[in-house]
Every structure is written in structure tokens, then in C-alpha cells.
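Novice: Have a look at this one.
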């Protein structure tokens, strides 16, 4: 079973937008420089098309803005301290963390018949904990960790 890397990649994009070319000293409040998808793709070590697809989701969620044409690119739509990892997860990975068995239960098996009611509260608890943790971590927290 492959792990979903969309949150990691989208967070990389967002940290790049918050960091490049050095937001800590060169931006006016609320105005971040335009960054190309090519530069972001080089940072992530992936194809710019992958980055552009992810940027569409981030833009739809109001986390980034785009300027087309020469000198254009993408920029943060709001300050990094107002963007959490939960915002990013909701933008690019809206699916639930866990899925249930898509097959109907085997009515002749006591485990199968009770599995949903046994595991659903656990899945719910883990999902709530994950969202609470991601909601406490802002983009600026991550950017501050870059030396």
C-alpha cells in the first residue's frame, strides 16, 4: 500500500513560497514575491507539471494566488502564520485518512459483521488527533526551522 505524498509535496511548495527568495527580510507585509513553478519543481525535484497541478488545488483553497505571463508565478495568498498544515491537507488531500473495506461483511463471520463498529471509533479518534495536530502547526513554524 503506497503512502500518499500529496501533503508532503504541497507543504514543500508552500514552505518554498514562504521562504524563497527570503521572505523574512525582503517582503512588504502581505506581498510575497512571485515564484515560478519551475523553481518550485527544482526544489522538490519533480516535474513542473506536477507542481502546477498541485498549485491549482492550493489556489482553489485560497492559499496561493497566481499571476500569468512574463514575470508571473505564484505567491502566498496570506501570511505564513495564517496558514496551517491542516489548511494544506484540506486543499490537496480532502479524502479521509482511512478507508473501510469496500466489500460487504460476510454475514456468517462474527468478525466481519462487527468490524465496522469496532474500527470506526478508532479511525475517528486518529483522524481527530491528526487534524488537531496539523491545525496547531503553521507554515511560519516550518519556515522558521530553515537555517
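In this note's numbering, the protein residues as written are 16 to 162. Virtual Cβ for every residue (Gly too), placed ideally from N, Cα, C.
How far does the beta strand (DSSP E) with residue 89 in it reach, from first residue to last?
Specialist: First-last of the beta strand (DSSP E) with residue 89: 88 to 91.
Novice: Please work out which residues of its chain come closer than 7 Å, Cβ to Cβ, to residue 152, disregarding the five sequence neighbours upstream and downstream, and give them in chain order.
Specialist: Same-chain partners within the cutoff: 99 and 100.
Novice: Considering only DSSP beta bridges, list what residue 80 is partnered with.
Specialist: Paired residue(s): 90.
Novice: Start and end of the alpha helix (DSSP H) containing residue 113?
Specialist: Counting along the chain, residue 113 falls outside any alpha helix (DSSP H), and DSSP gives it neither H nor E.
Novice: Determine the contact status of residue 79 and residue 92, defining contact as a CB-CB distance below 7 Å.
Specialist: Taking 7 Å as the Cβ cut-off, residue 79 and residue 92 qualify as a contacting pair.
Novice: Report yes if the C-beta distance between residue 73 and residue 22 is below 7 Å; otherwise report no.
Specialist: Not in contact: residue 73 and residue 22 (Cβ atoms no closer than 7 Å).
Novice: Buried or exposed: residue 52, going by 16 or more other Cβ atoms within 10 Å of its Cβ?
Specialist: By the neighbour-count rule (16 or more Cβ atoms within 10 Å), residue 52 is buried.
Novice: Since I believe residue 50 is in contact with residue 32 (beta carbons under 8 Å), could you give me their beta-carbon distance rounded to a whole number of angstroms?
Specialist: Contact holds; Cβ gap of about 6 Å.
Novice: Looking at the secondary structure, which residues open and close the alpha helix (DSSP H) in which residue 132 lies?
Specialist: Its alpha helix (DSSP H) spans residues 125 to 151.
Novice: Please say whether residue 112 and residue 142 have beta carbons closer to each other than 7 Å?
Specialist: Yes.
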